Amino acid sequence: MSPVTAGVLQLLALIAALALAYRPLGDYMARVYSSERHYGPEKWIYKAVGANPSAEMRWPAYLRGVLAFSAVSVLFLYALQRAQGILPGSLGFSAIDPDQAFNTAASFVANTNWQSYYGEQAMGHVVQTGGLAVQNFVSAAVGMAVAVALVRGFARSRTGELGNFWADLVRGTVRILLPLSVVGALVLVACGAIQNFAGIHEVGQFMGGTQQWNGGAVASQEVIKELGTNGGGYFNANSAHPFENPTPFSNLFEIFLILLIPFALTRTFGRMVGNLRQGYAILATMGLIWIGFTALMMWTEFAHHGPALQAAGGAMEGKETRFGIGASAIFSVATTLTSTGAVNSFHSSYTGLGGGIQLLGMQLGEIAPGGVGSGLYGMLIMAIIAVFIAGLMVGRTPEYLGKKIGTQQIKLAACYILITPALVLCFTAAAMALPTPGDSMANPGAHGFSEILYAYTSGANNNGSAFAGLNADTQWFNSTIGIAMLLGRFLPMVFVLALAGSLAEQRPVPETAGTLRTDKPLYAGLLVGTILIITGLTYFPALALGPLAEGLAS
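Shown next, in the form of structure tokens:
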């Protein structure tokens, strides 16, 4: 079987698995977020935090819950890292430096999971399991809660109430993420991923010295790393490490986990607004972009330029022979089109155009299908923009799901789509203009520029993957990327929740013959075009200086 055929078959198997899980999981999540029951363990959590899960919240109160919980999480994770040297199970590792502790705390709370350290050489068991793994769960649940709040804004009328943040947070964690993670961890252990609390072992000679490996609760952290679109690896090699990703089957299973909840949330959206066809339209938009990017990535990496690539069957540099080009390309697109920083190959080693596809996937806003929660609310923001553009074309007030898109709504949507480009481009410009940050680049020219552009794109869009080659463990990059991660995560949530509140207060508008049908293929095509045009106009000059220049020169 040729490598191309193997890659295509893996893609088809992945699509089939996602299709089988789509309806049951999407309906189940809709029932979870619509339920009025509170289970026993959930009641204990509400009592511990002093929350009333039955009290409805307007958007300012919902936002205060999001920000307060996230702020406490940052402080707790920062303190845990700084105290690592005196904690049991630290494996002899010392406390994390202040700038790196801030960067890591911001990263994991923001669902970014950017890592400027070697996991197996820096973090002990307590920090890994009691700090990082916990944030993998709750940061994902926060994103899902904000998405559900926006969906309620479309579904409700003449009320500003969006549900209860604490109830949404706990239910998302206890009823959705935990059960799926238990099953997924068992699958990964069966595939060969390790799960223990062993210490550091010397396993033999390596280049004249001893080679050491850590144990760890890897399978349980790996599953929520992918399922929650987090991405932070237990080991520096991330999902290319055989302890995290042992076999081609585990590799395909991890890609399935990455895409599972973001795609299924479109079914949840359709169910909660009472119109499944609207969910299918959003699903079709996400699926079209994802399949298109995957096909383009496979083509760029399988294209034979020169005898070395012909002999290897494609661009094998930086890729695991266990997975090959096809599985690596599928994984790469899945991580950069979602907010997952996991990698099973070195993105810096992809072809110039392949690196550009990775960058563009993040710069779309990671909405195809995007992160858990963040992908759905990002796509719904773009849907509002597309409806507004269509309304301008035909000269009537735009409407979406029975809600008028007026001045207030379009201002909030515009603010949302401007935040991350401003962060990415301003920080990249500052890093290139100042003398010191450029010293961290391992490569000159267009590729070196792509390293810095990728770092800030990954941070501000809460992705977390790295282009490699860039030494990001400096005070400048730890501080600025940390700030970009926090602002890129929580400022958009302000506008999403404000938008949800304004929509929930409206009276529903009856559908007429002149209403744009947003559940038809024509609208899905308009939405895809809107996404690509907005992103292209925003980022094309930067992409031209980096991956496009490199790709055209090769």
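Under my numbering, read the sequence shown as residues 389 to 942, first letter to last.
Every residue, glycine too, gets a C-beta built ideally from N, C-alpha and C.
As the structure is a computational prediction, the values presented were derived from the model and not from experiment.
CB-CB under 7 Å to G763, same chain, minus the five flanking residues each way: which ones, in chain order?
P650, T726, E754, I755 and P757, listed in sequence order.
In chain order, which alpha helix (DSSP H) runs of at least 4 residues are fully inside the segment 634 to 704?
With a minimum length of 4 residues, the continuous alpha helix (DSSP H) runs that stay inside the segment 634 to 704 are 636 to 661, 664 to 690 and 695 to 700.
Around the C-beta of T617, are 16 or more other C-beta atoms found within 10 angstroms, so that it is buried, or is it exposed?
Buried is the call here.
Apply the 10 Å Cβ neighbour rule to M532 and answer buried if 16 or more other Cβ atoms are within range, or exposed otherwise.
Looking at its Cβ environment, which holds 16 or more other Cβ atoms inside 10 Å, M532 is buried.
So for K799, helix, strand or coil by DSSP?
It is helical.
Answer with buried or exposed for Y427, where buried requires no fewer than 16 other C-beta atoms within 10 angstroms of its C-beta.
That one is exposed.
Since N911 and L904 are thought to touch, with beta carbons under 8 Å apart, how far apart are those beta carbons, to the nearest angstrom?
The sequence given here places Tyr at residue 911; Asn does not occur at that position. Yes, Y911 and L904 are in contact; Cβ-Cβ is about 7 Å, under 8 Å.
Tell me, to the nearest whole angstrom, how far the beta carbon of D372 is from that of R659; I am working on the premise that it is less than 8 Å.
Outside the displayed span of the chain (389 to 942) sits residue 372, for which this structure offers no information.
What does DSSP give as the partner residue(s) for S733 in the beta ladder?
K707.
Output needed for Q796: all residues of its chain with C-beta closer than 6 Å, excluding positions within five of it in sequence on either side, in chain order.
S890.
I'd like to check one pair, N639 with A715: are the Cβ atoms closer than 8 Å?
Cβ atoms of A715 and N639: closer than 8 Å.
Can you list, in chain order, the residues of its chain with a C-beta nearer than 8 Å to that of L664? Leave out the 5 residues immediately preceding and following it.
Around L664: R655 and G658.
Does the beta-carbon of E924 have 16 or more other beta-carbons within 10 angstroms, so that it is buried, or is it exposed?
Looking at the sequence itself, residue 924 is Gly, so the reference to Glu does not match. That one is exposed.
Are the segment 422 to 442 and the segment 551 to 561 touching by the rule of at least three beta carbon pairs closer than 8 Å?
Yes: at least three Cβ pairs fall under 8 Å.
I need the straight-line Cα distance from G541 to L568, nearest angstrom please.
Spanning the two alpha carbons is a distance of roughly 28 Å.
Candidates P630, Q583 and T547: which alpha carbon is nearest T709's?
Ranking P630, Q583 and T547 by Cα distance to T709 puts P630 first.
My assumption, with CB atoms under 8 Å, is that L811 sits in contact with A872. Please give the rounded CB distance.
Indeed, because the Cβ distance is near 5 Å, the residues count as touching under 8 Å.
Might you give, ordered along the chain, the residues of its own chain that have their beta carbon closer than 6 Å to the beta carbon of A493, omitting 5 neighbours on each side?
Correct list, in chain order: V462, L465 and Y466.
Enumerate in chain order the residues of its own chain whose CB-to-CB distance from P429 is below 8 Å, with the five nearest sequence positions on each side excluded.
Only V562 meet the Cβ criterion.
Count the other CB atoms within 10 Å of the CB of P476; is the residue buried (16 or more) or exposed (fewer)?
Its Cβ having fewer than 16 others within 10 Å, P476 is exposed.
Using the C-alpha atoms, what's the distance from A722 back to A537?
Approximately 25 Å, taken between the alpha carbons.
Our contact map puts F644 next to L402 with C-beta atoms below 8 Å; I'd like the distance itself, whole angstroms only.
Right, their Cβ atoms sit about 6 Å apart.
Going by C-alpha to C-alpha distance, which of A703, P636 and I745 sits closest to T682?
Taking only the C-alpha atoms, the option nearest T682 is I745.
For E549, which three-state DSSP category applies?
Residue state, collapsed to three classes: strand.
Assuming contact is defined by CB atoms lying nearer than 8 Å, are T816 and N849 in contact in what I supplied?
Result no, Cβ atoms of T816 and N849 do not sit closer than 8 Å.
Rounding to the nearest angstrom, what Cα-Cα distance links V731 and L671 in this structure?
Spanning the two alpha carbons is a distance of roughly 24 Å.
Shortest alpha-carbon distance to T500 belongs to which of A901, E689 and N851?
With distances taken between Cα atoms, T500 lies closest to N851.
Can you tell me which of A854, G836, T868 and E508 puts its alpha carbon nearest to the alpha carbon of A818?
Measuring from the Cα of A818, the nearest candidate turns out to be T868.
Could you pull out every residue in the same chain whose Cβ sits closer than 7 Å to the Cβ of M686, ignoring the five residues on either side in sequence?
The residues are G395, G714 and A717.
Output the distance between the C-alpha atoms of Y505 and E787, rounded to the nearest integer angstrom.
Looking at the two C-alpha atoms, the distance is approximately 48 Å.
If we ignore side chains and look at the alpha-carbon of each, how far apart do G826 and S846 end up?
The alpha-carbon atoms of G826 and S846 are separated by roughly 18 Å.
What did DSSP end up calling E610 once you bin it into helix, strand or coil?
Note: E610 maps to helix in three-state DSSP.
Is the segment 574 to 591 close to the segment 442 to 449, with three or more CB pairs under 8 Å?
The segment 574 to 591 vs the segment 442 to 449: no contact.
Tell me the start and end of each unbroken alpha helix (DSSP H) in the segment 807 to 864 that is at least 4 residues and wholly inside, in chain order.
Whole alpha helix (DSSP H) segments, 4+ residues: 833 to 848.
For F837, is the classification buried or exposed, using 16 other Cβ atoms within 10 angstroms of its Cβ as the cut-off for buried?
F837 should be labelled buried.
Report the residue from L615, Q600 and M511 whose alpha carbon sits nearest the alpha carbon of I564.
Out of L615, Q600 and M511, L615 has the C-alpha closest to the C-alpha of I564.
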